[in-house]
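Just so you know, we're using my numbering here: the sequence shown kicks off at 8 and counts up by one.
Ideal placement from N, C-alpha and C gives every residue a C-beta, glycine not left out.
Down below is the structure, laid out as structure tokens.
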Amino acid sequence: MTKRLLKFTTKLASTSFIVLLCLLAFIILSSRISGSEPSVFGYQIKAVLSGSMEPIFQTGSIISIKQADDSTTFKKGDIITFQMEDKLITHRIIDVENKNGQVSYHTKGDHNDGPDMWSVPSNDVIGSYTGFTIPYAGYALNVTQSKEASALLLFIPGFLLFSSAVFSIVKAARKLDVEKA
């Protein structure tokens, strides 16, 4: 009984891993083709490139953000991700300013000594931090940004699926040989 349970668990784990790998490859490659950021049900994964928000999340972590439906509704204390020139920044809102219906946010990294030197227009806000983080996984996420890594993300799941099919065929052929004998 234990041997059957172990065999079933191993098969379930390997199948789940292959399905997860294929799903991740599909999400990343489809977002690359469309030119947008990878997004699942309105959530995006971002890599943390600096220590400005430590200890909330560390450099090299990945964080989950919820894409903003209405970027004018954030309040003081919320952690937002916003576009600043050609990079994304995730900082905490320390003040909200509303001038003639134009909302902007003053932000600060928790680990920084002072507030940011700029204000963030609400239309530059991408989303808000959901509280989900995985330390050090951002380093791996950054590797996937290269063309070579994208090719590997396409090749590896295909190779695993092909190998699994060959293994199943060989196993079935051996079983038939045993039954004939």
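- Here Ala54 is not near Gly134, since their CB atoms are 8 Å or more apart.
- In its chain, beyond the 5 residues on either side, Ser129 and Val132 have a beta carbon closer than 6 Å to the beta carbon of Ser78.
- Counting only runs of 3 or more residues that sit fully inside the segment 131-172, the beta strand (DSSP E) segments are 132-141, in chain order.
- Its chain contains Pro142 as the residues whose beta carbon lies nearer than 6 Å to that of Gln65, once the 5 sequence neighbours on both sides are disregarded; these appear in chain order.
- Of the residues Glu155, Pro122 and Lys73, the one whose Cα lies closest to the Cα of Thr137 is Lys73.
- For Ser68, the three-state secondary structure derived from DSSP is coil.
- Annotation for Lys115: the continuous beta strand (DSSP E) segment containing it runs Gln109 to Lys115.
- Minimum Cα-Cα distance from Thr88 among the listed residues Asn105, Val185 and Gly116 corresponds to Gly116.
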